[in-house]
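First up is the structure itself, then whatever we jot down about it.
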């Protein structure tokens, strides 16, 4: 059988490693396993960004992240253009 390369919008070919990872049981966000994974990810991000400060992950769109940035830069009652 041929290994075709699809150049269409979909369906996309997924590597075997990715398919196997997606087939695993989802980790519950309140489990100890998730807490450990999150701590490891946050430490890794601190290394990537070369910071000792806290790293914050936002579960939102890019627009949500931009709003969070503006809200934290403009004081309450302040004005922004």
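Numbering (our numbering), first residue to last: 40 to 120. Every residue, glycine too, gets a C-beta built ideally from N, C-alpha and C. Owing to the predicted nature of the structure, the values given are computational and were not obtained by experimental measurement.
C-beta contact flag for residue i and residue j at 7 Å
i           : j           : result
residue 104 : residue 95  : no
residue 113 : residue 119 : yes
residue 45  : residue 52  : yes
Contacting residues, own chain, Cβ-Cβ under 8 Å from residue i (five flanking each side not counted)
i           : result
residue 111 : none
Min CB distance residue i to chain B below 7 Å
i          : result
residue 73 : Here there is only one protein chain, and chain B is not present.
| Which residue spans inside the segment 87 to 116 form an unbroken alpha helix (DSSP H) run of at least 4? | The qualifying runs are 101 to 112.
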